[in-house]
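Enquirer:
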Amino acid sequence: MNALSAAAFAVALARAAAAPGGDLAAGGAVYYERGHYWIEIAFRDGAGHDTIPPDLAPSRFEITRIGDDSGFKPTRIEAIRASRTSQRVILSTSRIEGRACYRVVFTPLRGPRVAVDSICDPFALEAGAGEWRSKTFFRRYVASAFHMDGGESGLNQLAYGYDFSNERAAARLRLAPRVRARGWTAEASVKRDETSYTPAAGGRTAAVRASLSASLSRAVWASDLRCAIAASYGADRTTLERAWGDSTVRSRSASVEGRVRFDNLLDPVNRFPASVFAGVEAAFGWAWYLAEGDGPLGGRRSGRLAPFAGLGASWTFLYGVRLSYSLQSFWPASGGETFAAFHSARMRMLLGDVLARRSERAYHPDVEAVWEWGRRPPLLEREERISIGFIYDLYPW
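Using our numbering, read the sequence shown as starting at 1 and increasing by one per residue.
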């Protein structure tokens, strides 16, 4: 728990003043640690003493995101009794996101309901009555464009390290600002990375890939599952570095996919933050690819339509080690390939407060090892990357 979170919880405790007539009072705070959001509630009885109400069933809690009329229940509840003066209740569900404020209502066995009207992520500043329009616009649309939904997928990242597959230092960059409006999410993505190809003819070729893409998606909750549909379009430029001269392959792609996230189903086994499963999802859809240029294509033009499916998950354990794995499978309709799969395995050391940093900074470098291998469209050449280095998550507020 960092200093900012501790201060937020202290304010929440101060707000949980004793209620008259022996009724409960409560205050709360939103926390984020190791890729996992949760809400902590502090209850106090009529005498002003910390207390844990009986029967903390999920059905007795109602969580509402301020600005959204739909409410939801926590999928996991844990009572922490550290001492007589430090007792709190943890509410967990993957529906809790950052940069948001929440209202929590608790219905006890006896007595009136207890409501905490404003529980905010410290980075979600509530708009004041006299806030300037420019500040409101920045907070709602510019800063929130880089907002993350609590999972690690879609991070804006800058990485620098040593690529063993190409035997040289390499840099990776991904910027993916998002804008939300009326339930829709629009995202633009700029990426730059390096990998290596091993063509069927033999030899190894270093490749530098730059890509631009845009997508539009909409997600809904079906019980405890997060279901989404998305359409995207992108263009890539891959430079193949050969001894006799570089060559370039350009490609375009369009896809429609459906995604289902299962994070909520794993909340009962998630610990804060000793062990957290996040980003557990499955995807399926159709993609169209067109590639042209020299290099592996030999000056040919190649197009294919392919159904695809994917899986992804991450596990953070020991408070600071994150293992991630994703699988992308394709069934091309042309190009002489009947099946292709691409694997990505990552191990990340979440350094957090191990490295000294200024308290106002919302970023820090982590150490990440990456192993990616397999075939993926549009080139369907054997691809591999083995690297280790520092990686930054970029939060530009």
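Every residue gets a Cβ at the ideal spot worked out from N, C-alpha and C, and that includes glycine. These figures come from a predicted structure and were not determined experimentally.
Given a cut-off of 8 Å on the beta-carbon distance, is the pair P377 and A287 in contact?
Expert: Against a cut-off of 8 Å, the Cβ pair of A287 and P377 comes out as a contact.
Enquirer: On the three-state DSSP scale, how would you describe S134?
Expert: The answer is helix: DSSP assigns S134 an H, G or I state.
Enquirer: In its own chain, which residues sit with a C-beta less than 8 Å from the C-beta of E152, not counting the 5 before and 5 after it?
Expert: Because the pLDDT at E152 is just 46, under 50, the model does not fix this residue reliably, and the point stays unresolved.
Enquirer: Identify whether R402 lies in helix, strand or coil by the three-state DSSP scheme.
Expert: Summary: the structure shown does not reach residue 402, with the chain confined to residues 1 through 397, and so no result is reported for it.
Enquirer: Can you look up P307 in the DSSP assignment and give me helix, strand or coil?
Expert: Here P307 sits in strand by DSSP.
Enquirer: Name the residue from T239, D263, A306, N270 whose alpha carbon lies nearest to the alpha carbon of S253.
Expert: The candidate whose alpha carbon is nearest that of S253 is A306.
Enquirer: So for D45, helix, strand or coil by DSSP?
Expert: Coil at D45, not helix or strand.
Enquirer: With E368 as the anchor, note down where its beta strand (DSSP E) starts and where it stops.
Expert: From DSSP, the beta strand (DSSP E) with E368 extends over 365-374.
Enquirer: Buried or exposed for P447, going by 16 or more other Cβ atoms inside 10 Å?
Expert: A question about residue 447 goes unanswered here, because the residues of the chain that appear run from 1 up to 397.
Enquirer: Roughly how far, in whole angstroms, is the beta-carbon of G320 from the beta-carbon of G161, given that I think they are within contact range, below 8 Å?
Expert: Actually they are not in contact, since the Cβ atoms of G320 and G161 sit about 18 Å apart, beyond 8 Å.
Enquirer: Can you find the residues in the same chain that come closer than 6 Å, C-beta to C-beta, to S275, ignoring five residues on each side of it along the sequence?
Expert: Contacts found: F317.
Enquirer: Drop a sphere of 10 angstroms on the beta-carbon of S223, count the other beta-carbons inside from all chains shown, and report buried for 16 or more, exposed for fewer.
Expert: Exposed: under 16 other Cβ atoms inside 10 Å.
Enquirer: Using the three-state DSSP reduction, which class does L24 fall into: helix, strand or coil?
Expert: Looking at L24 - three-state DSSP - the assignment turns out to be coil, as it is neither helix nor strand.
Enquirer: Which one of D393, R375, Y392, I391 has the shortest CA to CA distance from T195?
Expert: Taking only the C-alpha atoms, the option nearest T195 is R375.
Enquirer: In whole angstroms, give me the CA-to-CA distance for D117 and L290.
Expert: Computed Cα separation, rounded: 52 Å.
Enquirer: Where D163 and P108 are concerned, what is the direct C-alpha to C-alpha distance, given to the nearest angstrom?
Expert: One C-alpha to the other measures close to 57 Å.
Enquirer: Just to check my reading of the structure: W331 and F342 have Cβ atoms closer than 8 Å, yes? What is that Cβ distance to the nearest angstrom?
Expert: Going by Cβ atoms, the distance from W331 to F342 rounds to 13 Å, so no, they are not a contact pair.
Enquirer: If contact is defined by three or more beta carbon pairs under 8 Å, each pair taking one atom from either stretch, is the stretch 24-33 in contact with the stretch 73-84?
Expert: Judged by Cβ distances under 8 Å, the stretch 73-84 makes no contact with the stretch 24-33, as fewer than three pairs qualify.
Enquirer: Just to check my reading of the structure: T64 and Q87 have Cβ atoms closer than 8 Å, yes? What is that Cβ distance to the nearest angstrom?
Expert: That pair is no contact at about 24 Å.
Enquirer: According to the Cβ coordinates, are V208 and T248 closer than 8 Å?
Expert: No.
Enquirer: So who's on the other strand from E383, going by DSSP bridges?
Expert: In the DSSP output, where bridge partners are listed per residue, E383 has Y197, G374.
Enquirer: Could you tell me which whole beta strand (DSSP E) segments of length 3 or greater appear in the stretch 180-257?
Expert: For the stretch 180-257, whole beta strand (DSSP E) runs of length 3 or above, ordered along the chain, are 184-198, 205-222, 225-241.
Enquirer: Only counting the same chain, and skipping five residues up and downstream in sequence, which positions put a Cβ closer than 6 Å to that of S387?
Expert: Hits under 6 Å: G161, D163, V370.
Enquirer: In the DSSP output, which residue or residues are listed as bridge partners for W38?
Expert: DSSP output for W38 lists Y31 as bridge partner(s).
Enquirer: Strictly by DSSP, which residues pair up with G390?
Expert: It is worth fixing the name first, because residue 390 is Phe in this sequence and not Gly. Partner(s): Y160, V367.
Enquirer: If T205 sits next to E241, beta carbons under 8 Å apart, how far is it from one beta carbon to the other, in whole angstroms?
Expert: Between E241 and T205 the Cβ distance is about 7 Å, and since that is below 8 Å, they are a contact.
Enquirer: Taking the C-alpha atoms as reference points, what is the distance between E360 and D45?
Expert: Residue confidence for E360 is low, a pLDDT of 49 falling below 50, so the modelled location carries little weight and cannot support an answer.
Enquirer: Between which two residues does the beta strand (DSSP E) carrying W331 extend?
Expert: Segment: none, W331 is in no beta strand (DSSP E) and carries neither H nor E.
Enquirer: Taking R37 as the reference, give the member of P53, F43, C120, R180 with the closest Cα.
Expert: In the sequence as displayed, the identity of residue 37 is Tyr instead of Arg. Y37 has its Cα closest to that of C120, out of P53, F43, C120, R180.
Enquirer: Can you tell me whether DSSP reads L109 as helix, strand or coil?
Expert: Reduced to three states, the DSSP call for L109 is coil.
Enquirer: Taking its Cβ as the centre, do 16 or more other Cβ atoms sit within 10 Å of D236, making it buried, or is it exposed?
Expert: By the 10 Å Cβ count, D236 comes out buried.
Enquirer: For a quick check, are the C-beta atoms of E381 and S165 less than 8 Å apart?
Expert: Not in contact: E381 and S165 (Cβ atoms no closer than 8 Å).
Enquirer: Express the C-alpha separation of V30 and R95 in angstroms, rounding to a whole number.
Expert: Looking at the two C-alpha atoms, the distance is approximately 12 Å.
Enquirer: Identify every residue that forms a DSSP beta bridge with I80.
Expert: In DSSP, I80 forms a bridge with R88.
Enquirer: For L311, is the classification buried or exposed, using 16 other Cβ atoms within 10 angstroms of its Cβ as the cut-off for buried?
Expert: When all chains shown are included, L311 counts as exposed.
Enquirer: Looking only at DSSP bridge pairs, what is Y319 linked to?
Expert: DSSP output for Y319 lists no bridge partner at all.
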